[in-house]
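Trainee: Starting off with a structure, shown below.
Numbering (the numbering used here), first residue to last: 626 to 822.
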(Lines of atoms letter the chains of each structure in order from A; the text may use other names.)
(Lines give C-alpha, C1' and ligand atoms only; values in the text may rest on other atoms or scores of the structure.)
Protein backbone atom coordinates (compact mmCIF):
# COMPACT_ATOMS: atom_id res chain seq x y z
CA UNK A 626 0.00 0.00 0.00
CA UNK A 627 2.97 2.29 -0.67
CA UNK A 628 0.86 4.42 -3.02
CA UNK A 629 -1.11 5.48 0.07
CA UNK A 630 1.92 6.14 2.29
CA UNK A 631 0.96 9.81 2.72
CA UNK A 632 -2.25 8.66 4.44
CA UNK A 633 -0.40 6.63 7.06
CA UNK A 634 -0.47 8.14 10.55
CA UNK A 635 2.12 7.02 13.08
CA UNK A 636 0.01 6.96 16.23
CA UNK A 637 2.63 5.71 18.69
CA UNK A 638 4.96 8.64 18.07
CA UNK A 639 2.17 11.21 18.00
CA UNK A 640 2.59 13.98 20.57
CA UNK A 641 -0.08 14.43 23.25
CA UNK A 642 -2.91 16.81 22.47
CA UNK A 643 -4.47 17.65 19.10
CA UNK A 644 -2.62 17.09 15.80
CA UNK A 645 -3.96 18.42 12.48
CA UNK A 646 -3.61 17.00 8.95
CA UNK A 647 -4.87 18.23 5.57
CA UNK A 648 -5.37 16.20 2.38
CA UNK A 649 -6.74 16.85 -1.07
CA UNK A 650 -8.35 13.87 -2.76
CA UNK A 651 -8.27 14.19 -6.55
CA UNK A 652 -8.46 11.89 -9.57
CA UNK A 653 -5.08 10.40 -8.66
CA UNK A 654 -6.44 9.27 -5.29
CA UNK A 655 -9.59 7.74 -6.81
CA UNK A 656 -7.54 5.99 -9.52
CA UNK A 657 -5.29 4.50 -6.84
CA UNK A 658 -8.30 3.27 -4.82
CA UNK A 659 -9.60 1.69 -8.07
CA UNK A 660 -13.17 1.13 -6.93
CA UNK A 661 -16.25 1.48 -9.13
CA UNK A 662 -18.44 3.72 -6.95
CA UNK A 663 -16.40 6.92 -7.39
CA UNK A 664 -13.78 7.48 -10.09
CA UNK A 665 -13.31 11.27 -10.09
CA UNK A 666 -13.58 14.11 -7.68
CA UNK A 667 -11.95 16.84 -5.70
CA UNK A 668 -12.47 16.60 -1.95
CA UNK A 669 -10.60 18.48 0.76
CA UNK A 670 -10.03 16.68 4.04
CA UNK A 671 -9.31 18.26 7.40
CA UNK A 672 -8.34 15.72 10.05
CA UNK A 673 -7.68 16.28 13.74
CA UNK A 674 -6.17 13.49 15.81
CA UNK A 675 -6.50 13.81 19.57
CA UNK A 676 -4.36 11.50 21.64
CA UNK A 677 -5.89 10.47 24.94
CA UNK A 678 -4.97 7.80 27.45
CA UNK A 679 -5.38 4.45 25.66
CA UNK A 680 -7.07 5.79 22.51
CA UNK A 681 -6.84 8.17 19.58
CA UNK A 682 -9.85 10.18 18.43
CA UNK A 683 -9.81 10.99 14.70
CA UNK A 684 -12.28 13.62 13.46
CA UNK A 685 -12.66 13.96 9.70
CA UNK A 686 -14.26 16.85 7.81
CA UNK A 687 -14.64 16.14 4.06
CA UNK A 688 -15.91 18.85 1.71
CA UNK A 689 -15.88 18.87 -2.08
CA UNK A 690 -17.42 17.46 -5.24
CA UNK A 691 -17.28 14.04 -6.86
CA UNK A 692 -18.48 12.84 -10.26
CA UNK A 693 -20.80 9.85 -10.32
CA UNK A 694 -23.23 8.45 -12.92
CA UNK A 695 -26.79 9.76 -12.89
CA UNK A 696 -29.29 7.02 -12.00
CA UNK A 697 -31.60 8.14 -14.79
CA UNK A 698 -29.43 8.89 -17.85
CA UNK A 699 -26.05 7.37 -16.76
CA UNK A 700 -24.13 10.54 -17.71
CA UNK A 701 -21.70 11.85 -15.12
CA UNK A 702 -23.06 14.36 -12.65
CA UNK A 703 -21.55 16.42 -9.85
CA UNK A 704 -22.41 15.33 -6.31
CA UNK A 705 -21.55 17.60 -3.40
CA UNK A 706 -19.79 15.96 -0.44
CA UNK A 707 -19.95 17.52 3.01
CA UNK A 708 -19.55 15.05 5.82
CA UNK A 709 -18.11 14.86 9.31
CA UNK A 710 -16.96 11.46 10.61
CA UNK A 711 -15.29 10.19 13.74
CA UNK A 712 -13.06 7.20 14.31
CA UNK A 713 -11.72 5.95 17.63
CA UNK A 714 -8.50 3.94 17.32
CA UNK A 715 -7.16 1.75 20.11
CA UNK A 716 -4.01 -0.35 20.28
CA UNK A 717 -4.32 -4.11 20.80
CA UNK A 718 -2.90 -7.47 19.82
CA UNK A 719 -4.51 -7.74 16.38
CA UNK A 720 -6.65 -5.76 13.98
CA UNK A 721 -10.39 -5.75 14.63
CA UNK A 722 -13.41 -3.47 14.27
CA UNK A 723 -15.45 -3.24 17.46
CA UNK A 724 -18.09 -1.01 15.82
CA UNK A 725 -18.50 1.45 12.94
CA UNK A 726 -16.50 4.00 14.92
CA UNK A 727 -14.05 1.92 16.97
CA UNK A 728 -11.04 0.17 15.44
CA UNK A 729 -8.30 -1.84 17.12
CA UNK A 730 -4.91 -1.89 15.41
CA UNK A 731 -1.91 -4.04 16.36
CA UNK A 732 0.32 -2.29 18.88
CA UNK A 733 3.34 -3.73 17.05
CA UNK A 734 2.42 -1.66 13.98
CA UNK A 735 1.36 1.44 15.89
CA UNK A 736 0.13 3.17 12.72
CA UNK A 737 -3.08 3.44 10.73
CA UNK A 738 -3.58 4.09 7.04
CA UNK A 739 -6.71 6.21 6.59
CA UNK A 740 -6.96 6.08 2.75
CA UNK A 741 -9.74 3.49 2.64
CA UNK A 742 -11.64 5.19 5.50
CA UNK A 743 -11.62 8.46 3.52
CA UNK A 744 -13.06 6.68 0.50
CA UNK A 745 -15.74 4.97 2.62
CA UNK A 746 -16.79 8.28 4.20
CA UNK A 747 -17.27 9.76 0.71
CA UNK A 748 -19.28 6.78 -0.57
CA UNK A 749 -21.50 6.80 2.53
CA UNK A 750 -22.32 10.48 1.93
CA UNK A 751 -23.72 9.79 -1.56
CA UNK A 752 -27.55 9.80 -1.45
CA UNK A 753 -29.34 6.59 -2.43
CA UNK A 754 -30.99 8.36 -5.36
CA UNK A 755 -28.67 10.62 -7.35
CA UNK A 756 -30.02 12.24 -10.49
CA UNK A 757 -29.32 15.38 -12.48
CA UNK A 758 -31.29 18.53 -11.77
CA UNK A 759 -34.44 18.91 -13.84
CA UNK A 760 -33.57 19.40 -17.50
CA UNK A 761 -29.90 18.44 -17.15
CA UNK A 762 -30.19 14.75 -18.08
CA UNK A 763 -28.93 13.46 -21.41
CA UNK A 764 -31.85 14.20 -23.75
CA UNK A 765 -31.27 11.18 -26.01
CA UNK A 766 -31.31 8.82 -23.04
CA UNK A 767 -34.37 10.56 -21.56
CA UNK A 768 -36.30 10.05 -24.82
CA UNK A 769 -35.40 6.35 -24.83
CA UNK A 770 -36.42 6.09 -21.19
CA UNK A 771 -39.83 7.62 -21.95
CA UNK A 772 -40.29 5.40 -24.99
CA UNK A 773 -40.09 2.29 -22.79
CA UNK A 774 -42.26 3.53 -19.93
CA UNK A 775 -45.47 1.66 -19.17
CA UNK A 776 -47.38 4.95 -18.93
CA UNK A 777 -46.79 7.97 -21.19
CA UNK A 778 -46.53 10.96 -18.87
CA UNK A 779 -45.90 13.66 -21.46
CA UNK A 780 -49.28 15.21 -22.31
CA UNK A 781 -47.90 17.98 -24.51
CA UNK A 782 -45.46 15.83 -26.52
CA UNK A 783 -42.53 17.98 -25.32
CA UNK A 784 -39.62 15.67 -24.50
CA UNK A 785 -37.24 18.38 -23.37
CA UNK A 786 -37.30 18.96 -19.64
CA UNK A 787 -40.08 16.91 -18.01
CA UNK A 788 -39.05 15.26 -14.79
CA UNK A 789 -39.89 11.60 -15.27
CA UNK A 790 -40.07 10.95 -11.53
CA UNK A 791 -42.89 13.42 -10.86
CA UNK A 792 -45.92 11.35 -11.88
CA UNK A 793 -49.25 12.58 -10.54
CA UNK A 794 -52.71 11.01 -10.67
CA UNK A 795 -53.64 13.47 -13.42
CA UNK A 796 -50.67 12.27 -15.53
CA UNK A 797 -51.86 8.69 -15.17
CA UNK A 798 -55.40 9.60 -16.25
CA UNK A 799 -57.96 6.78 -16.27
CA UNK A 800 -55.27 4.16 -15.65
CA UNK A 801 -55.23 5.02 -11.93
CA UNK A 802 -58.83 3.80 -11.59
CA UNK A 803 -57.82 0.32 -12.71
CA UNK A 804 -55.56 -0.16 -9.70
CA UNK A 805 -58.28 -0.41 -7.02
CA UNK A 806 -61.35 -1.32 -9.06
CA UNK A 807 -63.57 -3.29 -6.62
CA UNK A 808 -65.75 -4.69 -9.42
CA UNK A 809 -62.79 -6.52 -10.94
CA UNK A 810 -62.75 -10.25 -10.13
CA UNK A 811 -59.98 -11.42 -7.85
CA UNK A 812 -58.39 -14.77 -7.21
CA UNK A 813 -60.33 -16.47 -4.34
CA UNK A 814 -57.03 -17.60 -2.82
CA UNK A 815 -56.05 -13.97 -2.32
CA UNK A 816 -59.43 -13.24 -0.79
CA UNK A 817 -58.85 -15.94 1.82
CA UNK A 818 -55.38 -14.58 2.59
CA UNK A 819 -56.78 -11.05 3.02
CA UNK A 820 -59.10 -12.37 5.74
CA UNK A 821 -56.03 -13.28 7.81
CA UNK A 822 -55.25 -9.60 8.31
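Ideal placement from N, C-alpha and C gives every residue a C-beta, glycine not left out.
Can you list, in chain order, the residues of its chain with a C-beta nearer than 6 Å to that of residue 688? Leave out the 5 residues immediately preceding and following it.
Mentor: Contacts found: 669, 707.
Trainee: Give a yes or no on whether the C-beta atoms belonging to residue 682 and residue 713 are separated by under 8 Å.
Mentor: In this structure, residue 713 lies closer than 8 Å to residue 682 by Cβ.
Trainee: Straight-line CA distance for residue 590 to residue 810?
Mentor: Residue 590 cannot be examined here, being either before or after the span of the chain that is shown, 626 to 822.
Trainee: Checking contacts by CB at 8 Å: is residue 769 closer than that to chain C?
Mentor: Of the chains in the structure shown, none is chain C; there is only one protein chain.
Trainee: Apart from the five residues just before and just after residue 726, which ones in its own chain have a Cβ nearer than 8 Å to its Cβ?
Mentor: 711, 712, 713
Trainee: Please name the residue, chosen from 639, 765, 667, 684, that lies closest to residue 699 on a Cα-to-Cα basis.
Mentor: 765
Trainee: Is it true that the CB of residue 632 sits closer than 8 Å to the CB of residue 738?
Mentor: yes
Trainee: Alpha carbons only, please: which of 734, 732, 685 is nearest the one belonging to residue 745?
Mentor: 685
Trainee: Under a Cβ-count criterion, where at least 16 other Cβ atoms within 10 Å of its own Cβ denotes burial, should residue 753 be classed as buried or exposed?
Mentor: exposed
Trainee: Could you name each continuous alpha helix (DSSP H) segment of 4 residues or more that falls completely within the stretch 703-751, going from the start of the chain to the end?
Mentor: 740-749
Trainee: Could you give the distance in angstroms between the alpha-carbon of residue 719 and the alpha-carbon of residue 680?
Mentor: If you draw a straight line from the Cα of residue 719 to the Cα of residue 680, it comes to about 15 Å.
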